[in-house]
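Visitor:
Numbering (the numbering used here), first residue to last: 315 to 620.
1) What is the residue span of the alpha helix (DSSP H) that residue 571 lies within?
2) What would DSSP say about residue 327, mapped onto helix, strand or coil?
3) Going residue by residue through the stretch 318-389, where are the continuous beta strand (DSSP E) segments of at least 3 residues, counting only ones entirely within it?
4) Secondary structure at residue 485, three-state DSSP: helix, strand or coil?
5) Evaluate residue 469 with the Cβ neighbour count: other Cβ atoms within 10 Å of its Cβ, from every protein chain shown; 16 or more gives buried, anything less gives exposed.
6) How would you call residue 351, buried or exposed, if buried means at least 16 neighbouring beta carbons within 10 angstroms?
7) Using the three-state DSSP reduction, which class does residue 614 fall into: helix, strand or coil?
8) Is residue 453 helix, strand or coil when you go by DSSP?
9) Which same chain residues, not among the five before or five after residue 370, have their C-beta less than 7 Å away from its C-beta?
10) Within a Cβ cutoff of 6 Å, which residues of the same chain sit near residue 508, ignoring the five residues on either side of it in sequence?
11) Using the Cα positions of residue 485 and residue 539, report the straight-line distance between them to the nearest angstrom.
12) Cβ atoms of residue 546 and residue 383: under 8 Å apart, would you say?
13) Tell whether a beta-carbon distance below 8 Å holds between residue 460 and residue 542.
14) Output yes or no for whether 8 Å exceeds the beta carbon distance between residue 335 and residue 586.
15) Exposed or buried, what is residue 584 when buried is set at 16 or more other beta-carbons lying within 10 Å of its beta-carbon?
16) Kindly indicate the opening and closing residues of the alpha helix (DSSP H) around residue 537.
17) Mind checking residue 531: buried by the 16 CB within 10 Å criterion, or exposed?
18) When burial is assigned at 16 or more other CB atoms within 10 Å of the CB, is residue 386 buried or exposed?
19) Cβ atoms of residue 377 and residue 550: under 8 Å apart, would you say?
20) For the alpha helix (DSSP H) containing residue 518, name the first residue and the last one.
21) In terms of alpha-carbon separation, which member of 537, 347 and 579 lies closest to residue 596?
22) On the premise that residue 318 lies in contact with residue 358, defined as a C-beta separation below 8 Å, what is that separation, rounded to the nearest angstrom?
23) Based on Cα-Cα distance, which residue from 576, 397, 332 and 458 lies nearest to residue 605?
24) For residue 621 and residue 416, what's the separation of their Cα atoms in angstroms?
25) Near residue 594, which residues of its chain fall below 6 Å by C-beta distance, leaving aside the five closest residues on each side in sequence?
26) Determine the extent of the alpha helix (DSSP H) in which residue 505 is found, giving its start and end residues.
27) Rounded to a whole number of angstroms, what is the C-alpha to C-alpha distance between residue 570 and residue 442?
28) For residue 322 and residue 341, what's the separation of their Cα atoms in angstroms?
29) Taking all protein chains shown into account, decide if residue 379 is buried (16 or more other Cβ within 10 angstroms of its Cβ) or exposed.
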């Protein structure tokens, strides 16, 4: 009978909070790390085990990560929500805030529909260590190819964003929103649809979305910002669907552990998004591409040869 100890819950919470936002796949790491550690970690933290509450726990922890994103982007979400209501009330889309609100809605719809239709299929058939290791390596290849194809070799030329004359006094967030809202609704939907790939354990939600944004001509900073804003309602909604299960019989004996893991996930998520928003002002996806490729291939070798 699998259980969930407090050290496991806190460890998984920290892991989930960081890897959900770093472009390295939180679900992939949550499947691979217990398998590589072995022992009671492998037994307790197996998403494919019959009757295991681990997947519900993982998705429940996403609620803490979504809350961290809301807290960090609280001013942005206040503007977006205000823009949505003003757009509905006045029946038009004119301001940056109004346009950003509808871009986020357009970007959320594809993954929301696909998640409801395909989530169980993807995770029940692919949520095992060996396929996950393959997908993690593939995630690294995709990140690396994104940099090579769209950034002329190393990718440093367009990593950050320049400031136009006369805009020096504006907040960086406002400038980023202005650039993001140059997207069409169709382009936003296409970028948001890239999150569907994250249903495959090992493929990163943020990595897929940032890569899609870069392919649409956005710089790294704006792509990351748009990816984090898009992720908030998706992660939060998926988590809320699992919370009732944790409040029922499936959560018996582990609610305290889930709470401890959630606190860890919130703190780790807040630190991660704070770091990454600064990181992508001047840096690229290349280090994450190298890490994912090596970690995926190394895990695959260990799992199949050991």
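Heads up, the beta-carbon is just placed ideally off N, CA and C, and yes, glycines get one too.
Quantities reported herein were computed from a predicted structural model and do not represent experimental measurements.
Guide: Straight from the coordinates:
1) Where residue 571 is concerned, the enclosing alpha helix (DSSP H) stretches over 569-593.
2) Reduced to three states, the DSSP call for residue 327 is helix.
3) Fully enclosed beta strand (DSSP E) runs of no fewer than 3 residues are not present anywhere in the stretch 318-389.
4) When secondary structure is reduced to three states using DSSP, residue 485 falls in the coil class, being assigned neither helix nor strand.
5) Its pLDDT being 42, under 50, residue 469 is placed unreliably by the model, and the measurement read from it follows with that caveat. So residue 469 counts as buried.
6) Exposed, since its Cβ has fewer than 16 Cβ neighbours within 10 Å.
7) Residue 614: helix per DSSP, three-state reduction.
8) The DSSP-derived three-state label of residue 453 is helix.
9) So the qualifying residues of the chain are 556, 559, 560 and 564.
10) Excluding residues within five positions, the ones whose Cβ falls inside 6 Å are 522, 523 and 526.
11) Rounded to the nearest whole angstrom, the CA to CA distance from residue 485 to residue 539 is 14 Å.
12) It is a contact, given that the beta carbons lie within the stated cut-off.
13) For residue 460 and residue 542, no; Cβs fall outside 8 Å.
14) Contact: yes.
15) It counts as buried.
16) 534-561 is the span of the alpha helix (DSSP H), which, as asked, contains residue 537.
17) Residue 531 comes out exposed.
18) The residue in question, residue 386, is buried, as its Cβ has 16 or more Cβ neighbours within 10 Å.
19) Yes, the Cβ-Cβ distance between residue 550 and residue 377 is below 8 Å.
20) For residue 518, there is no enclosing alpha helix (DSSP H), since its DSSP letter is neither H nor E.
21) The option with the nearest alpha carbon to residue 596 is 537.
22) Contact annotation, residue 358 with residue 318: C-beta distance approximately 6 Å; criterion of less than 8 Å satisfied.
23) Per the Cα distances, 458.
24) Past the edges of the chain, shown from 315 to 620, lies residue 621, and the structure says nothing about it.
25) Excluding positions up to five away in sequence, the list reads 534, 535 and 538.
26) Annotation: the continuous alpha helix (DSSP H) that includes residue 505 extends over 499-507.
27) Residue 570 and residue 442: Cα-Cα distance of roughly 27 Å.
28) Their backbone Cα atoms lie some 15 Å apart in a straight line.
29) Residue burial is scored here from C-beta neighbours: residue 379 has at least 16 other C-beta atoms within 10 angstroms and is therefore classed as buried.
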